[in-house]
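Peer 1:
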Amino acid sequence: MAQSVPPGDIQTQPNAKIVFNAPYDDKHTYHIKVINSSARRIGYGIKTTNMKRLGVDPPCGVLDPKEAVLLAVSCDAFAFGQEDTNNDRITVEWTNTPDGAASNSVVSGSKETEWFAARTCQSSTTHNWSQLMY
Numbered sequence: 004m005a006q007s008v009p010p011g012d013i014q015t016q017p018n019a020k021i022v023f024n025a026p027y028d029d030k031h032t033y034h035i036k037v038i039n040s041s042a043r044r045i046g047y048g049i050k051t052t053n054m055k056r057l058g059v060d061p062p063c064g065v066l067d068p069k070e071a072v073l074l075a076v077s078c079d080a081f082a083f084g085q086e087d088t089n090n091d092r093i094t095v096e097w098t099n100t101p102d103g104a105a106s107n108s109v110v111s112g113s114k115e116t117e118w119f120a121a122r123t124c125q126s127s128t129t130h131n132w133s134q135l136m137y
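Structure follows, in structure tokens:
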């Protein structure tokens, strides 16, 4: 069935950027809270521009209206200065989800048009130990 209504909005905390601080010889994990601020149930999925370095758990799921989930975003160890981190991004994509869908189901492809929305959060690295961004 085609969706005739665009998905509602979500909120993320932080809403624009997370920073992974040095040293980079160890894995770092920060958290992003995703809140379904709409009146509809949504299914979400996470994409990253660098799957070798950035990981997100859980990578997908379903949120009821006003429900939130805490995502663990990890940055694996890497050699700073030898890899370009300027374009690292984490994107949350979401769509309306039927009320009967299981909370761990993934929406399969369809020949009909569906509405999707996306929000991107930039990831960056820094050597400044005193800088912490939440």
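Letter by letter, the sequence shown follows residues 4 to 137 in our numbering. C-beta: ideal position from N, C-alpha, C; glycine also.
Relative to the C-alpha of Phe23, which candidate in Glu96, Asn99, Thr88, Gly103 has its C-alpha closest?
Peer 2: Here residue 23 is taken as the residue at index 20 of the sequence shown, counted from 1. Nearest of Glu96, Asn99, Thr88, Gly103 to Phe23, Cα basis: Thr88.
Peer 1: Check Arg44 in the structure and name its three-state DSSP category.
Peer 2: Residue numbering aside, residue 44 sits at position 41 when the sequence shown is read from its first letter. Coil at Arg44, not helix or strand.
Peer 1: Which residue marks the beginning of the beta strand (DSSP E) containing Ala71, and which one marks its end?
Peer 2: Counted from its first residue, the sequence shown places residue 71 at position 68. Ala71 -> beta strand (DSSP E) spans 71-78.
Peer 1: Across which residues does DSSP place Phe81 in a beta bridge pair?
Peer 2: As a working note, residue 81 is residue 78 in the sequence shown. Per DSSP, none; premise fails for Phe81.
Peer 1: Would you call the segment 39-48 and the segment 8-21 in contact, with 3 or more CB pairs under 8 Å?
Peer 2: The segment 39-48 is in contact with the segment 8-21.
Peer 1: Answer with buried or exposed for Val8, where buried requires no fewer than 16 other C-beta atoms within 10 angstroms of its C-beta.
Peer 2: Reading the sequence shown from its first residue, position 5 is the one you call residue 8. Answer is exposed; the Cβ neighbour count stays below 16.
Peer 1: Going straight from the alpha carbon of Val95 to that of Pro17, what length do you get?
Peer 2: Residue mapping note: residue 95 aligns to position 92 of the sequence shown, counting from 1. Residue mapping note: residue 17 aligns to position 14 of the sequence shown, counting from 1. Straight-line Cα distance between these residues: approximately 13 Å.
Peer 1: Since Asn99 is in the beta strand (DSSP E), which residue starts that stretch and which ends it?
Peer 2: For this step, residue 99 is matched to residue 96 along the sequence shown. From DSSP, the beta strand (DSSP E) with Asn99 extends over 92-99.
Peer 1: Does the separation of the CB atoms of Thr51 and Arg92 fall below 8 Å?
Peer 2: Indexing the sequence shown from 1 puts residue 51 at position 48. Indexing the sequence shown from 1 puts residue 92 at position 89. Taking 8 Å as the Cβ cut-off, Thr51 and Arg92 qualify as a contacting pair.
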